[in-house]
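J.: Here's a structure for you.
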């Protein structure tokens, strides 16, 4: 699908589309719905975006994308300004799975799964484990070769939306004797395979979005191996890279538009100079966040991004999010503790400031905890001496 090349014309087109298609009062309509109703809403919204050519703007043109970086910035900015629903269920598929298949998949794998993702196929990421979070290379899930299959046993943790997923991006150890980053392989796993057991985990805000995945003699065809055997760590970098760049830009635009507007509304009327000063500081920080995200996206497109740039953006966003939601909860007072009902989409957009604040804590943990990000920035970005290893 072609879009206006002139950015002003494109912005006007997206703005008109949002005015006509973003569901009105969708938050209220989604409050208290069942898992099936939430999934149906998410899939319908994805289909609406896809029909307009707005669902996968970052994909290559031959697969339904092809927007320039400036066009993508305009698109995410307008969607955020109109408070459009986030693509929660499709997120892993359109970002992580697609990036991995485009970078390391075979033609057969791309031809099978990329069109299916556009048709609503849901993916989950099966990386983290109870003993392998920030130190992901310590994972213990095993994949034993048997003929033209692999037999997988182990456990995955913090798998977002696994109860909805059709497919899983899975890391497993195929060579237990190799150094830990060299004995890992990357698989696509059908979630309907016998031996896959998904168990939701109830979190601090009452959601069960995170899940455990137990794998008991799960048989995966060799055709579902992505990249060479024992080279899964290198393949995973395409997946992990998708968590930065444009995905962070989208989150930054949402925080800077809807999130900041809600914060200002919570403080209205702003007649306290201390409150006004805090709001001004947040606006300055949000401007900085947008600039960092846009710079990261543009530098990533040209291969000029530094080794610590993504860590800087992730650290900046997650800690700014915590400060903003904390301030919202303080300003809102007792009503901020209203947690009886909330939209099913979860996350910092719940509309209840205490839920938003508690939910923001998770952002400083997955994808590399803040402590890990600071280490990366210090060692890879600033060239400081490596942190001493534990004795």
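Residue numbers (my numbering): 1259 to 1649. Using N, Cα and C, we set each Cβ at its ideal position, and we do this for glycine too.
Sort 1419, 1436, 1380, 1583 by Cα distance to residue 1456 and report the nearest one.
T.: For the purposes of this step, residue 1456 is identified with residue 198 of the chain shown, where counting begins at 1. It is 1419.
J.: Classify residue 1626: buried if its beta carbon has 16 or more other beta carbons within 10 angstroms, exposed otherwise.
T.: In the chain shown, counting from the first residue as 1, residue 1626 sits at position 368. Buried, by the Cβ-count rule.
J.: So, is residue 1389 buried or exposed, given that buried needs 16 or more other C-beta atoms within 10 angstroms?
T.: Position 131 of the chain shown, counting from 1, holds the residue named residue 1389. By the neighbour-count rule (16 or more Cβ atoms within 10 Å), residue 1389 is not buried but exposed.
J.: Below 8 Å on the Cβ atoms is my guess for residue 1314 versus residue 1352; work out the distance and round it to an integer in Å.
T.: As a first step, residue 1314 must be located in the chain shown, where it is residue number 56. As a first step, residue 1352 must be located in the chain shown, where it is residue number 94. With 8 Å as the limit, residue 1314 and residue 1352 qualify as a contact, their Cβ atoms being about 5 Å apart.
J.: What are the complete alpha helix (DSSP H) segments, minimum 4 residues, inside the region 1496 to 1568?
T.: Counting whole runs of 4 or more residues, the region 1496 to 1568 contains the alpha helix (DSSP H) stretches 1504 to 1512, 1518 to 1525, 1531 to 1559.
J.: Provide the residue(s) that pair with residue 1411 in DSSP beta bridges, ordered along the chain.
T.: The residue given as residue 1411 occupies position 153 in the chain shown. In DSSP, residue 1411 forms a bridge with 1400.
J.: Taking the Cβ atom as the reference point for each residue, do residue 1355 and residue 1375 lie within a distance shorter than 8 Å?
T.: Here residue 1355 corresponds to residue number 97 of the chain shown, with the count starting at 1. Here residue 1375 corresponds to residue number 117 of the chain shown, with the count starting at 1. Yes. Within cutoff.
J.: What does a CB cutoff of less than 7 Å around residue 1362 pick up in its chain, not counting 5 residues either side in sequence?
T.: On the chain shown, residue 1362 is found 104 positions in, with the first residue counted as 1. Only 1484, 1485, 1493, 1496 meet the Cβ criterion.
J.: Who are the Cβ neighbours of residue 1322 in its own chain at under 7 Å, not counting the five residues just before and after it?
T.: On the chain shown, position 64 is the one that residue 1322 refers to. For residue 1322, where only same-chain residues beyond five positions count, the Cβ hits under 7 Å are 1314, 1376.
J.: Residue range of the alpha helix (DSSP H) that residue 1374 falls in?
T.: Numbered from its first residue, the chain shown carries residue 1374 at position 116. Note, residue 1374: alpha helix (DSSP H), 1365 to 1376.
J.: To the nearest angstrom, how far is the alpha carbon of residue 1601 from that of residue 1558?
T.: Here the question's residue 1601 lines up with position 343 in the chain shown. Here the question's residue 1558 lines up with position 300 in the chain shown. Residue confidence for residue 1601 is low, a pLDDT of 43 falling below 50, so the modelled location carries little weight; the figure read from the coordinates is stated next. If I take the Cα positions, the gap works out to 34 Å.
J.: Could you tell me whether the Cβ atoms of residue 1414 and residue 1399 are closer together than 8 Å?
T.: Position 156 of the chain shown holds residue 1414. Position 141 of the chain shown holds residue 1399. In contact: residue 1414 and residue 1399 (Cβ atoms closer than 8 Å).
J.: Assuming the contact rule is C-beta atoms closer than 8 Å, residue 1325 and residue 1261 should be a hit. Round their C-beta distance to whole Å, please.
T.: Counting from 1 along the chain shown, the entry for residue 1325 is found at position 67. Counting from 1 along the chain shown, the entry for residue 1261 is found at position 3. Residue 1325 to residue 1261, Cβ: 7 Å. Contact.
J.: Count the CB pairs spanning the region 1549 to 1564 and the region 1515 to 1534 that are closer than 8 Å, and state whether there are at least three.
T.: No: fewer than three Cβ pairs fall under 8 Å.
J.: Between residue 1304 and residue 1645, what straight-line distance do the alpha-carbon atoms span, to the nearest angstrom?
T.: In the chain shown, the residue the question calls residue 1304 occupies position 46. In the chain shown, the residue the question calls residue 1645 occupies position 387. Between residue 1304 and residue 1645, the C-alpha separation is close to 44 Å.
J.: Excluding five sequence neighbours on each side, which residues of the same chain lie with their C-beta closer than 8 Å to the C-beta of residue 1577?
T.: Your numbering for residue 1577 matches position 319 in the chain shown. 1622, 1628.
J.: Our contact map puts residue 1503 next to residue 1555 with C-beta atoms below 8 Å; I'd like the distance itself, whole angstroms only.
T.: Locating residue 1503 in the chain shown gives position 245, where the first residue counts as 1. Locating residue 1555 in the chain shown gives position 297, where the first residue counts as 1. Their Cβ separation, rounded to whole angstroms, is 5 Å, which keeps residue 1503 and residue 1555 in contact under 8 Å.
J.: Should residue 1406 and residue 1425 be called a contact, given that it needs their Cβ atoms to be closer than 8 Å?
T.: Within the chain shown, the letter at position 148 stands for residue 1406. Within the chain shown, the letter at position 167 stands for residue 1425. No; because the gap between Cβ atoms is not below 8 Å, this pair is not in contact.
J.: Can you name the start and end residues of the beta strand (DSSP E) that residue 1445 belongs to?
T.: In the chain shown, the residue the question calls residue 1445 occupies position 187. Per DSSP, residue 1445 belongs to the beta strand (DSSP E) from 1442 to 1448.
J.: CB residue 1509 to CB residue 1575, shorter than 8 Å?
T.: Within the chain shown, the letter at position 251 stands for residue 1509. Within the chain shown, the letter at position 317 stands for residue 1575. For residue 1509 and residue 1575, yes; Cβs fall inside 8 Å.
J.: Since residue 1436 contacts residue 1488 with CB under 8 Å, what's their CB separation in whole angstroms?
T.: Start at 1 with the first residue of the chain shown, and residue 1436 comes out as number 178. Start at 1 with the first residue of the chain shown, and residue 1488 comes out as number 230. Confirmed, about 6 Å.
J.: Looking at residue 1430 and residue 1401, is the spacing between their C-beta atoms short of 8 Å?
T.: In the chain shown, the residue the question calls residue 1401 occupies position 143. In the chain shown, the residue the question calls residue 1430 occupies position 172. Contact flag set, yes.
J.: When we look at the beta-carbon of residue 1545 and count the other beta-carbons within 10 Å, is it buried (16 or more) or exposed?
T.: For the purposes of this step, residue 1545 is taken as residue 287 along the chain shown, with counting starting at 1. Counting Cβ neighbours within 10 Å, residue 1545 comes out exposed, since fewer than 16 surround it.
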